[in-house]
Structures are given as structure tokens and as C-alpha cells.
Amino acid sequence: MEPTEEQQQALQKVTDNDLTGLQALLSTAKFDIDFVDTNGMTLLQHAVYKGNHDIAQILIDQGADVNSSKHEHNYSPLHFAALSGKEEVCMLLLQHGAKSQVLNTVKRTPAQMAAFVGNHGCVAAINNFVPRSDIDYYTTPRGLDKEPKLEPALTEVFHKFIMQVNVHPIGILLFLRTNRTLVEKHRQVKAVLNLMCEKEMKRGHETNEVLSFKFHWLSNVLEELTMAEEGELMKEGKEKDVLEYCIKKLIKPSGLDQFVRVTVHRFPYIQSTLFMQIANGVASTIKDPHYEKGSLMSVITSAINGHRGFASDSQCSACSNEKATRRCSRCKSEVYCGAECQKVHWSLHKKGCKPASAVDAKKDAAKMKENEQASIADLVSQQLASQSLEVK
Ligand SMILES: [Zn+2]
Ligand SMILES: [Zn+2]
Numbered sequence: 001m002e003p004t005e006e007q008q009q010a011l012q013k014v015t016d017n018d019l020t021g022l023q024a025l026l027s028t029a030k031f032d033i034d035f036v037d038t039n040g041m042t043l044l045q046h047a048v049y050k051g052n053h054d055i056a057q058i059l060i061d062q063g064a065d066v067n068s069s070k071h072e073h074n075y076s077p078l079h080f081a082a083l084s085g086k087e088e089v090c091m092l093l094l095q096h097g098a099k100s101q102v103l104n105t106v107k108r109t110p111a112q113m114a115a116f117v118g119n120h121g122c123v124a125a126i127n128n129f130v131p132r133s134d135i136d137y138y139t140t141p142r143g144l145d146k147e148p149k150l151e152p153a154l155t156e157v158f159h160k161f162i163m164q165v166n167v168h169p170i171g172i173l174l175f176l177r178t179n180r181t182l183v184e185k186h187r188q189v190k191a192v193l194n195l196m197c198e199k200e201m202k203r204g205h206e207t208n209e210v211l212s213f214k215f216h217w218l219s220n221v222l223e224e225l226t227m228a229e230e231g232e233l234m235k236e237g238k239e240k241d242v243l244e245y246c247i248k249k250l251i252k253p254s255g256l257d258q259f260v261r262v263t264v265h266r267f268p269y270i271q272s273t274l275f276m277q278i279a280n281g282v283a284s285t286i287k288d289p290h291y292e293k294g295s296l297m298s299v300i301t302s303a304i305n306g307h308r309g310f311a312s313d314s315q316c317s318a319c320s321n322e323k324a325t326r327r328c329s330r331c332k333s334e335v336y337c338g339a340e341c342q343k344v345h346w347s348l349h350k351k352g353c354k355p356a357s358a359v360d361a362k363k364d365a366a367k368m369k370e371n372e373q374a375s376i377a378d379l380v381s382q383q384l385a386s387q388s389l390e391v392k
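Under full-length UniProt numbering, read the sequence shown as residues 1 to 392, first letter to last.
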């Protein structure tokens with residue numbers, strides 16, 4: 001249906017990012033906030049496509065439907081937010097109940113569309129989002145249980161733990177270092193993660209393979225603590241701290257690769273598309289003649305947080321965090337999040353740390369990354385210009 005004149009004005013204000021103008025109009029408007037234009041797009045869909053967080057917030061406050069499904073190609077608001085490249089807009093929709101497993105007419109989820117256009121931040125934001133209510137489910141006793149599966153006091157820290165975007169085992173262990181309660185209760189936490197892993201696989205058409213695998217992955221990092229406690233550590237008898245023992249073990253490239261292989265092998269849902277993708281990725285990485293020890297981790301990162309062509313120049317050498325800013329002051333070639341990561345990595349790095357100008361190689365890598373981003377930008381503009389957004 002053709003929008004009315006008043007609706008046209010509202011659409012125009014969203015297009016112009018005119019926040020105050022829109023507010024004024026909405027205060028007197030008589031139309032339904034979820035009216036659609038000729039392409040089946042609501043105001044909210046237009047706002048999030050433009051990546052305008054504040055306008056989206058106003059529309060949601062006015063009751064706009066975050067799961068509107070009248071678009072001609074079945075793009076949900078989250079699909080449009082994912083294309084906008086704005087993580088905070090994706091988060092806003094998710095926090096208000098946007099569904100992440102909806103498919104458009106080319107059978108792609110919002111995260112897959114974000115990955116397609118190279119918006120990795122959005123992929124990560126969507127794939128790692130867990131509503132708080134999913135955790136609350138475990139903090140009250142169910143059925144015949146007298147005790148809840150998860151102590152209510154752990155809710156907050158557990159939620160933070162599972163929403164962590166950095167899935168590198170060192171990143172996870174460093175998170176635990178500052179959140180010791182999870183280490184103390186790691187068996188309980190592991191059991192809940194295993195239940196959550198199973199649940200994500202059994203949601204019918206809302207099955208979330210990525211989250212299921214992530215929960216499995218986190219559970220296996222905690223399993224390392226159990227193993228250390230019950231066996232490895234007892235034998236050695238030297239180290240006292242389970243966590244530090246695991247950090248030393250997994251910072252080693254061979255230890256990390258071994259962890260990846262075992263954890264992938266243990267994933268129970270071998271029929272899932274994601275498992276096949278990961279298993280193939282692991283197999284082809286190992287077969288690659290240029291295979292370097294420690295590189296299997298990239299298969300996991302790209303499965304959970306979207307594909308990346310090149311390792312970023314600002315990636316922490318210890319925990320793979322994307323936004324590392326501190327360089328090793330001596331060799332200038334390694335980058336870290338901070339002193340903690342540098343310290344953890346030193347046992348490996350000390351041999352190679354020379355005050356030389358090995359910086360040139362890094363510069364080349366940065367150049368390549370720039371080129372890659374330019375070509376993705378081209379691709380996106382072509383795609384969006386046609387508005388057909390066909391993906392094969
Ligand atoms: Zn780091
Ligand atoms: Zn160095």
C-alpha cells in the first residue's frame with residue numbers, strides 16, 4: 001500500500017537522520033508505527049539500515065516491532081542492521097528481542113549477511129548474543145531438583161563469560177583470572193554449558209549451531225581445569241595454580257592445536273553444517289604445506305565470529321584480541337592488549353625478540369588489509385545499489 005503523506009514525511013525524516021523532526025512528527029502522528037512502505041519496510045527497518053541507533057531507540061520506545069516480517073525479500077530489522085555495519089544497532093535490536101535465526105528469501109540469517117558484506121563486528125555481536133532469560137532458566141530449581149543448576153549469585157559473571165567475543169583459550173583463561181568465582185565453581189559452570197549446548201541444537205527452526213558450538217568450546221576450556229586438577233597437575237606436583245598451569249599449556253602453539261583438535265572431535269553434533277565446516281577447515285589447514293603450528297585457532301574464530309581474510313595487524317599475539325594496541329617495546333613486531341598478555345606470551349617470544357626493524361613485513365600486511373577492505377566496500381556498494389541483494 002502506498003504510504004500516506006504523513007507516513008512519507010516520517011520516512012523522509014528517517015532518511016535524513018532528522019531525530020528531532022521525527023520526534024515532533026511522532027508526537028502528533030496518527031499512523032501505526034509499524035506501517036510499511038511499498039517494499040514492505042517499516043520505519044525501524046529504514047532506521048537500522050542507516051545505522052542510526054538513536055532513531056531506532058525512539059522507534060522501539062514507541063513500540064516498533066523488532067521482528068517485522070513484511071519486507072518483500074523477507075529481510076528482518078536485524079538483517080538490515082547487520083548490513084549497516086553498526087554493532088550497537090544490532091545489540092539494540094537483540095536486547096529488545098530480535099530473533100537471530102530468521103532467514104531471508106536467499107536463506108541467509110542476519111549474521112550470514114553481515115559476514116557476506118564483511119561486517120565482522122556485527123557477525124560477532126549477533127553470534128555471541130545470549131538473552132539474560134536463557135540464563136535465568138538455570139538459576140531456579142526445575143522439576144524434581146532441589147537446587148538450581150547454577151547458583152543465582154553466578155548469573156552476572158556467567159552471562160559476561162558466555163557473551164565474550166574473544167574465544168581464544170588464552171583470552172578465556174585471562175577472563176577467568178579476573179573472575180575467580182568461575183574457576184572455583186568450574187564444574188557447575190561446565191555442566192550448565194553442556195546443557196546449553198544441547199538446548200541450542202534442539203530449538204527446531206531456531207537452532208543456533210554457532211552458539212551450541214561456542215558453549216561446547218567454553219565447556220572444554222573449563223574441562224582443561226578439571227583435567228589439570230585431577231591428573232596433569234597432581235603428577236607434576238610443582239605448580240599450585242590450576243589456571244596458570246592451563247595458561248602455560250595453551251599458550252604453546254602445539255598445545256593450542258591439540259586443544260582445538262580434541263575439542264572439535266568431542267562436539268556431539270557431527271551432522272550439523274557448522275561441524276562439517278569446522279572439521280573441513282581443520283583438515284585442510286593441517287594438509288596445507290604452509291601450515292604453522294598454532295594456526296588451527298583461526299578456523300574456530302572464523303566459524304564463530306565470521307570469516308577474516310587476513311590476520312589483523314592489531315591482533316594480540318597472546319589472546320588474538322582484535323583491538324590490541326600495545327607493541328613490544330623492544331622488537332616492535334608483536335602486539336598485545338597490555339602487560340598481562342605480553343607477560344603470558346613472553347615464554348614463547350623471548351627467543352625471537354630482537355631489537356631489529358622487522359617492522360617492514362607488518363607494514364606489507366597492513367597494506368594488503370587495506371586493499372582487501374576496499375574491494376569488500378566495492379562489493380557492498382554494487383550489492384546494495386541493485387537492492388536485489390541476491391546471494392548464491
Ligand atoms: Zn591479549
Ligand atoms: Zn619483542
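Glycine residues also receive a C-beta, built at the ideal position from the N, C-alpha and C atoms.
Query raised in the report: Should Arg-266 be counted as a contact of ligand 2 given a C-beta to heavy atom distance under 7 angstroms?
Result: no
**Report entry** Alpha carbon of Cys-328 to alpha carbon of Asp-16, nearest angstrom
**Finding:** 45 angstroms
Report task. Please determine, among Asp-313, Asp-18, Leu-22 and Val-210, the residue with the shortest C-alpha to C-alpha distance to Thr-273. Result -> Val-210
Report task. Look at the alpha carbon of Lys-149 and the alpha carbon of Lys-252, and state the distance between them as a whole number of angstroms. Result -> 34 angstroms
Query raised in the report: Mind checking Asn-67: buried by the 16 CB within 10 Å criterion, or exposed?
Result: By the 16-neighbour rule on beta-carbons within 10 angstroms, Asn-67 is exposed.
Query raised in the report: Would you report the Cα separation of Asn-220 and Asn-305, rounded to the nearest angstrom?
Result: 18 angstroms
**Report entry** Reduced DSSP secondary structure (H/G/I, E/B, other) of Tyr-291
**Finding:** coil
**Report entry** Entirely enclosed alpha helix (DSSP H) segments - the region 247 to 322, minimum 4 residues
**Finding:** 253 to 266, 273 to 287 and 297 to 305
**Report entry** Residue span of the alpha helix (DSSP H) that contains Phe-213, given as start and end
**Finding:** 209 to 227
Query raised in the report: How many Å lie between residue 402 and Leu-92 at the Cα?
Result: As displayed, the chain neither begins before 1 nor continues past 392, which places residue 402 out of reach and without an answer.
Requested in this report: Please report the residue range of the alpha helix (DSSP H) in which Gln-23 lies.
Outcome: Under the DSSP assignment, Gln-23 falls in the alpha helix (DSSP H) whose first and last residues are 19 to 28.
**Report entry** Whole-Å CB distance - Glu-223 paired with Lys-190, under 8 angstroms assumed
**Finding:** 6 angstroms
Requested in this report: Could you tell me the distance, in whole angstroms, from the CA atom of Gln-258 to the CA atom of Lys-293?
Outcome: Taking the straight line from one Cα to the other gives about 10 angstroms.
Report task. Answer with yes or no whether the minimum CB distance from Leu-256 to chain D is below 8 angstroms. Result -> Although the question refers to chain D, the structure presented lacks it and comprises just one protein chain.
Query raised in the report: Tell me which same chain residues have a C-beta within less than 6 angstroms of the C-beta of Ala-111, skipping the five on either side of it?
Result: Val-123, Ile-126 and Asn-127
Requested in this report: Drop a sphere of 10 angstroms on the beta-carbon of His-79, count the other beta-carbons inside from all chains shown, and report buried for 16 or more, exposed for fewer.
Outcome: His-79 should be labelled buried.
Query raised in the report: Does ligand 2 have even one heavy atom less than 7 angstroms from the beta-carbon of Glu-340?
Result: no
Query - Burial state of Ala-153 (16 or more Cβ within 10 Å) - result: exposed
Requested in this report: If I'm right that Thr-38 touches Glu-6 with Cβ under 8 angstroms, what's the distance once you round it to whole angstroms?
Outcome: Not really, about 16 angstroms apart at Cβ, beyond 8 angstroms.
Requested in this report: Go to Val-189, then tell me how far its alpha helix (DSSP H) extends in each direction, as first and last residue.
Outcome: 186 to 201
Requested in this report: Could you have a look at Val-335 and say whether DSSP puts it in helix, strand or coil?
Outcome: strand
Report task. Have a look at Arg-261 and Ser-76 and give me their C-alpha separation to the nearest angstrom. Result -> Each residue's Cα considered, the two are about 36 angstroms apart.
Query raised in the report: How is Arg-132 classed by DSSP in three states: helix, strand or coil?
Result: helix
Requested in this report: Could you tell me if Ala-283 is buried or exposed, where buried requires 16 or more neighbouring beta carbons within 10 angstroms of its beta carbon?
Outcome: exposed
Query raised in the report: So does Cys-337 have its beta carbon nearer than 7 angstroms to some heavy atom of ligand 2?
Result: no
Query raised in the report: From Lys-199 to Lys-354, what distance separates their C-alpha atoms?
Result: 50 angstroms
Requested in this report: Count the other CB atoms, across all protein chains shown, that sit within 10 Å of the CB of Asp-61; report buried if there are 16 or more and exposed otherwise.
Outcome: exposed
Report task. For Ala-358, count neighbouring Cβ atoms within 10 angstroms of its own Cβ and tell me buried if that reaches 16, exposed if not. Result -> Its pLDDT being 48, under 50, Ala-358 is placed unreliably by the model, and nothing is read from it.
Query raised in the report: Mind checking whether the beta-carbon of Ala-318 lies closer than 7 angstroms to any heavy atom of ligand 1?
Result: Checking the Cβ of Ala-318 against ligand 1 gives yes.
Report task. Note down, one range per segment and in chain order, each alpha helix (DSSP H) of at least 4 residues found wholly within the UniProt repeat "ANK" (39 to 71). Result -> 43 to 49 and 53 to 61
Requested in this report: Would you identify the three-state DSSP class for Arg-326, choosing helix, strand or coil?
Outcome: strand
Query raised in the report: What residue does the alpha helix (DSSP H) around Ile-170 start on, and which one ends it?
Result: 169 to 178
Report task. Please work out which residues of its chain come closer than 8 angstroms, Cβ to Cβ, to Val-14, disregarding the five sequence neighbours upstream and downstream, and give them in chain order. Result -> Taking Val-14 as the centre and dropping the five residues before and after it, the same chain places the C-beta of Leu-22, Leu-43, His-46, Ala-47, Lys-50, Asn-52 and Ile-55 closer than 8 angstroms to its C-beta, in chain order.
Query - Ile-170 and Leu-250 closer than 8 angstroms at C-beta - result: yes
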